[in-house]
Amino acid sequence: MGPFLVITLYPGESEMIKTGIIGASGYTGAELIRLLYHHPMVEISLITSRQYAGEPLSACYPGLGHLGLTFEDHNDEGVLDQAELFFTALPHKASAGIVAKLVAKGKRVIDLSADFRFSEVSVYEEHYEEHPHPELFKEAVYGLTELYGEEVKGAKIVANPGCYPTCSIIPLYPLLKEGLISTNGIIIDAKSGVSGAGRGASQTTHFCEANESIKAYKVAAHRHTPEIEEHLSKASGSPVKVVFTPHLVPMSRGMLATIYATALNGVGRDKVEKTWRDFYNDTPFVEVTPGETLPDTAFVRGTNRCMIAVRENPSTGHLILLSVIDNLAKGASSQAVQNMNKMMGWPQDKGLKVPVLFP
Ligand SMILES: NC(=O)c1ccc[n+]([C@@H]2O[C@H](COP(=O)([O-])OP(=O)(O)OC[C@H]3O[C@@H](n4cnc5c(N)ncnc54)[C@H](OP(=O)(O)O)[C@@H]3O)[C@@H](O)[C@H]2O)c1
Numbered sequence: 110m111g112p113f114l115v116i117t118l119y120p121g122e123s124e125m126i127k128t129g130i131i132g133a134s135g136y137t138g139a140e141l142i143r144l145l146y147h148h149p150m151v152e153i154s155l156i157t158s159r160q161y162a163g164e165p166l167s168a169c170y171p172g173l174g175h176l177g178l179t180f181e182d183h184n185d186e187g188v189l190d191q192a193e194l195f196f197t198a199l200p201h202k203a204s205a206g207i208v209a210k211l212v213a214k215g216k217r218v219i220d221l222s223a224d225f226r227f228s229e230v231s232v233y234e235e236h237y238e239e240h241p242h243p244e245l246f247k248e249a250v251y252g253l254t255e256l257y258g259e260e261v262k263g264a265k266i267v268a269n270p271g272c273y274p275t276c277s278i279i280p281l282y283p284l285l286k287e288g289l290i291s292t293n294g295i296i297i298d299a300k301s302g303v304s305g306a307g308r309g310a311s312q313t314t315h316f317c318e319a320n321e322s323i324k325a326y327k328v329a330a331h332r333h334t335p336e337i338e339e340h341l342s343k344a345s346g347s348p349v350k351v352v353f354t355p356h357l358v359p360m361s362r363g364m365l366a367t368i369y370a371t372a373l374n375g376v377g378r379d380k381v382e383k384t385w386r387d388f389y390n391d392t393p394f395v396e397v398t399p400g401e402t403l404p405d406t407a408f409v410r411g412t413n414r415c416m417i418a419v420r421e422n423p424s425t426g427h428l429i430l431l432s433v434i435d436n437l438a439k440g441a442s443s444q445a446v447q448n449m450n451k452m453m454g455w456p457q458d459k460g461l462k463v464p465v466l467f468p
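With the working numbering, you'll find the sequence shown wraps up at 468, consecutive numbering, no jumps.
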């Protein structure tokens, strides 16, 4: 008997689905194109940009020109009918209006902006601005897949988390849920590569300003603080406030959070690592860094992985948690693909088993 092939079909896997990327000229849009192009169950049937409408993808990203895609304008008649599932990769507020149009057409949407990330409209409006579609908040699920995967399955709108919240919530959530650390005095000191600011040039992200330099920004005032606090509070069952200080570092992509928390009842490294391993048992994307190696952004570049580690500081009773992700991948576009996989009932790592981009 000759060799034979076993094909496993998952629910909904019998045919390809058409996906659209709104805001495909930006960095997270380009990362979505890179990932979806290789996804076995997906066809990219629409990419949009206002600036590049009518032009080939190569006009904006020459390195992706061979994919043969052409930008359209999302405002043109019939454009939003060209796909079944959409990724909106737009600035906040611009996103909400398009998400509303898509939902009205019965489409499912994964929104990479902050527009649907909070459970309360009032929190969004306190930290962002007036929301144009507050009625849609009830349709949205926070898409930190490892925590809310079951809710993501049936969602019409998935609010893809921010990059800093993803990097911070993953290590902290299980420890607060299990009561291993104090809810008081958590400090998150985080660093991001410059692509976190998007493709549009600004003085802060200009090469001469960002290269050979590291700086804090939005100290005690970053909009990701309430997003982090909402989910840490859910984990602990009581309000959690954090000190969060973001920094810009001279690299293109990558994010490191160094987190200081007070251990309760003598909890140490072994207990924390066991808690993480048990909690993240079902996901291939969260890994406790093996042995004495500490997480490094180079270990996760271009992947959907989050690597975490803990060390003890016995003289003060602190635990020092370290967490790395790629801000454009697990912090944005590959997590969006993970959410799509959940929504479609596919294995969550479908199309995401990409090796690290190294060096
Ligand atoms: N960069 C990251 O690491 C990261 C991580 C997590 C989440 N996010 C979020 O993901 C979203 C996209 O981020 P990005 O980094 O990809 O930004 P970006 O590089 O600045 O791209 C933004 C995209 O939105 C389009 N756009 C801008 N203003 C618009 C408007 N008023 N109406 C319609 N389209 C508009 C732009 O296209 P045209 O001007 O060509 O139309 C472009 O394609 C943002 O909400 C961001 O906060 C980003």
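Even glycine gets a Cβ: it sits at the ideal position worked out from N, Cα and C. None of the values given here were measured: they were computed from a predicted structure.
Is residue i close to ligand 1? I mean its beta-carbon at under 6 Å from any heavy atom of the ligand.
| i | result |
| --- | --- |
| glutamine 312 | no |
| serine 222 | yes |
| alanine 264 | no |
| arginine 414 | no |
| serine 342 | no |
| leucine 199 | yes |
| glycine 411 | no |
| leucine 137 | Rather than leucine, the amino acid found at residue 137 in this sequence is threonine. Because some heavy atom of ligand 1 lies under 6 Å away, the Cβ of threonine 137 counts as near it: yes. |
| arginine 105 | Residue 105 is absent from the structure shown; the chain starts at 110 and stops at 468. |
| cysteine 272 | yes |
If you draw a straight line from the alpha carbon of residue i to that of residue j, how long is it in whole angstroms?
| i | j | result |
| --- | --- | --- |
| threonine 365 | alanine 325 | The question names threonine, yet the displayed sequence has leucine at residue 365. Cα to Cα, the separation comes out at about 14 Å. |
| threonine 117 | isoleucine 296 | Note on threonine 117: pLDDT 49, under 50, position unreliable in the model; the coordinate value appears next. The straight-line gap from Cα to Cα measures roughly 45 Å. |
| arginine 332 | aspartate 435 | 19 Å |
| glycine 375 | serine 291 | 12 Å |
| leucine 245 | alanine 209 | 7 Å |
| leucine 466 | valine 446 | 18 Å |
| glutamate 140 | isoleucine 279 | 22 Å |
| phenylalanine 388 | glutamate 382 | 10 Å |
| arginine 362 | glycine 377 | 31 Å |
| proline 399 | valine 188 | 48 Å |
| proline 120 | asparagine 450 | Because proline 120 sits at a pLDDT of 49, beneath the cut-off of 50, its placement in the model cannot be relied upon, and the following sentence gives the value as read from the coordinates. Going by the C-alpha atoms only, they are around 11 Å apart. |
| valine 115 | valine 433 | Residue placement at valine 115 is poorly supported in this model, since its pLDDT is 49, which falls under 50; the coordinates are not used for a value here. |
| glutamate 260 | valine 250 | 7 Å |
| glycine 391 | threonine 406 | Rather than glycine, the amino acid found at residue 391 in this sequence is aspartate. For aspartate 391 and threonine 406, the distance between alpha carbons rounds to 23 Å. |
| glutamate 520 | isoleucine 130 | Because the chain spans 110 through 468 in this model, residue 520 falls outside it and cannot be assessed. |
| arginine 308 | asparagine 293 | 37 Å |
Applying the 10 Å Cβ sphere with the 16-neighbour rule, what's the burial state of residue i?
| i | result |
| --- | --- |
| methionine 150 | buried |
| serine 277 | buried |
| threonine 157 | buried |
| cysteine 128 | Checking the displayed sequence, the identity of residue 128 turns out to be threonine instead of cysteine. That one is buried. |
| methionine 416 | buried |
| threonine 137 | buried |
| isoleucine 83 | With the chain covering 110 to 468 only, the question about residue 83 has no answer from this structure. |
| proline 112 | Residue confidence for proline 112 is low, a pLDDT of 47 falling below 50, so the modelled location carries little weight; the figure read from the coordinates is stated next. Exposed, because fewer than 16 other Cβ atoms sit within 10 Å of the Cβ of proline 112. |
Legend entry - At least three beta-carbon pairs within less than 8 Å, the segment 242–259 to the segment 382–400: At 8 Å Cβ cutoff, the stretches touch.
Inset, instruction - Give a yes or no on contact between the segment 190–202 and the segment 166–179, applying the rule of three or more CB pairs nearer than 8 Å. - result: With fewer than three CB-CB distances shorter than 8 Å, the segment 190–202 does not count as touching the segment 166–179.
Inset, instruction - Note down, one range per segment and in chain order, each alpha helix (DSSP H) of at least 4 residues found wholly within the segment 301–326. - result: List check, alpha helix (DSSP H) in window: 316–319.
Inset, instruction - Only counting runs of 3 or more residues, tell me where the beta strand (DSSP E) segments fall wholly within the segment 114–174, in order along the chain. - result: Runs of beta strand (DSSP E) with 3 or more residues, each lying fully within the segment 114–174, are found at 126–131 and 151–157, listed in chain order.
Legend entry - alpha helix (DSSP H) runs wholly inside the segment 244–305, at least 4 long, in chain order: 254–262 and 272–286, all fully within the segment 244–305.
Legend entry - Touching by the beta-carbon criterion (3+ pairs, under 8 Å), the segment 315–323 and the segment 455–465: Counting Cβ pairs under 8 Å, fewer than three are found: no touch.
Inset, instruction - Taking only runs that begin and end inside the segment 402–462, name each unbroken alpha helix (DSSP H) of 4 or more residues, in chain order. - result: As far as the segment 402–462 is concerned, its whole alpha helix (DSSP H) runs of at least 4 residues are 443–453.
Legend entry - the segment 261–274 touching the segment 217–229, judged by at least three CB pairs closer than 8 Å: A contact exists between the segment 261–274 and the segment 217–229.
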